[in-house]
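S.K.: Please find one structure pasted underneath; my questions will follow.
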Amino acid sequence: MSADLAALESSVAATYAELNRLLAASYRGVDRARLVTAVVDGHGLLVEVTFAKTVARHDPAVVAEAVRDAVADAQLTAGTAIAAAMEEVTGA
50 MSADLAALES SVAATYAELN RLLAASYRGV DRARLVTAVV DGHGLLVEVT FAKTVARHDP
110 AVVAEAVRDA VADAQLTAGT AIAAAMEEVT GA
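50 is the number of the first residue of the sequence shown in this note's numbering; add one for each residue after it.
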């Protein structure tokens with residue numbers, strides 16, 4: 050029974066290590082028009098926003114929407130990576 054427990058503890062430790070790696074990573078997203086690139090951390094919090102050189106040619110409302118879209122894309126990328134890892138662990 051102790052071998053089973055050791056294997057389980059090892060599996061749990063590996064799972065936590067992978068989750069911590071994913072949470073420490075950064076994830077990039079862009080809007081459809083490629084005006085904005087956003088980077089979020091593994092918790093989905095905004096880390097960086099970069100604007101295309103042509104951004105000043107666009108209406109502020111368009112730029113605001115591009116920022117929202119880029120952040121949402123980055124958060125989706127982060128969530129997808131974490132969900133895939135957890136799906137692999139749970140077998141769901």
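All C-beta atoms in this analysis are idealised placements derived from N, C-alpha and C, irrespective of residue type, glycine included.
1) My guess is that residue 120 and residue 87 are in contact by the Cβ rule of under 8 angstroms, so how many angstroms apart are they, rounded?
2) From the DSSP output, in three-state form, read off residue 106 for me.
3) Starting from residue 94, trace the beta strand (DSSP E) both ways and give me its first and last residue.
4) In the structure shown, what three-state DSSP assignment does residue 87 receive?
5) Please report the straight-line C-alpha distance between residue 124 and residue 56, rounded to a whole angstrom.
M.R.: Quick answer:
1) In this structure residue 120 touches residue 87 by the C-beta definition: roughly 4 angstroms separates them, less than 8 angstroms.
2) When secondary structure is reduced to three states using DSSP, residue 106 falls in the helix class.
3) Where residue 94 is concerned, there is no enclosing beta strand (DSSP E), given that its DSSP letter is neither H nor E.
4) Looking at residue 87 - three-state DSSP - the assignment turns out to be strand.
5) Roughly 33 angstroms separates the two Cα atoms.
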